[in-house]
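Engineer:
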Amino acid sequence: AKGDVLAIWGGAGGSYQAGLEAGANTALKSYPNIHLPTKTIAAFSPGDVQPLVQNQLTADPKLKGVILSIAGMASGAFPAINKAHDQGKVLVVSGLFDAYSNIQDVEAGRISYLVGVPSVFYADEVDIVTANMLNGKPNPADTIIPGQIFTQSDIKVPGALKWELVPSFLKP
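If you're matching positions, the sequence shown starts at 4 in this note's numbering and goes up one per residue.
#1: If I measure Cβ to Cβ from glycine 13 and keep anything under 7 Å in the same chain, skipping five residues before and after, which residues do I get?
#2: Write down the C-beta distance between tyrosine 116 and isoleucine 158 rounded to the nearest angstrom, noting that I regard them as a contact closer than 8 Å.
#3: Quick check on this structure: which residue in Asn142, Val120 and Gly119 has the alpha carbon closest to the alpha carbon of aspartate 130?
#4: Cutting at 7 Å between CB atoms, please list the residues of its own chain near glycine 2, excluding the five before and the five after it.
#5: So what does glutamine 151 bridge to, in DSSP terms?
#6: Using only alpha-carbon positions, find the residue among Ala27, Lys32, Ile37 and Ile114 that is nearest to lysine 5.
#7: Please classify glycine 98 as buried or exposed, where buried requires at least 16 neighbouring CB atoms within 10 angstroms.
#8: Compute the beta-carbon to beta-carbon distance between leucine 9 and leucine 66, rounded to the nearest angstrom, for a pair I have assumed lies under 8 Å.
#9: Quick check on the burial criterion: 16 or more other C-beta atoms within 10 angstroms. Buried or exposed for alanine 126?
#10: Going straight from the alpha carbon of asparagine 138 to that of valine 132, what length do you get?
#11: To the nearest angstrom, how far is it from the Cα of asparagine 28 to the Cα of aspartate 7?
#12: Return yes when the Cβ of leucine 60 is within less than 7 Å of the Cβ of alanine 83, no when it is not.
#13: Suppose only complete runs of 4+ residues qualify. What are the alpha helix (DSSP H) ranges in the region 14-57, listed by chain order?
Encoded structure:
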């Protein structure tokens, strides 16, 4: 892999932002041909994302992707990418659903990859640990929370979002 990827991390100074940045920097060690300019913003605002993407598209002809903390930030990347006629050339990758519109963005290909955290699965795990605690039973030493990656081709697969989102979230 070769090219540049703009990372925009929301929640400046928070543990989520720090974790995303540390993980990205660790992963980059395996890909010496990828350059990762990083911007950090205070909130997760799409309005703060748009000028950063616009500036990077103008300054960097090798830009191949934009990584965002959460899917809601992606709507700030789309106008800049579309204006530069780079839809399909610049991939948008995000983490965490935060609105039903994120599902539509993945279905339409505006978000190329969405890395989800299966919150329904996680909530079930929390229930089990709580029940064990209340009943004096031991908890597992390790709990593995499986992440999921959604793309335009697999987000509509029946049951794909089962562990990701509660049914009420799946309605417009």
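The beta carbon of each residue, even a glycine, is placed where N, CA and C say it ideally should be.
Structural biologist: Quick answer:
#1: Gln20, Ile44, Ala46, Phe47, Ser72, Ile73 and Met76
#2: That pair is no contact at about 10 Å.
#3: Asn142
#4: Only positions 4 to 175 of the chain appear in this structure, which leaves residue 2 out of reach.
#5: Gly119
#6: Ile37
#7: buried
#8: 6 Å
#9: exposed
#10: 10 Å
#11: 14 Å
#12: yes
#13: 18-31
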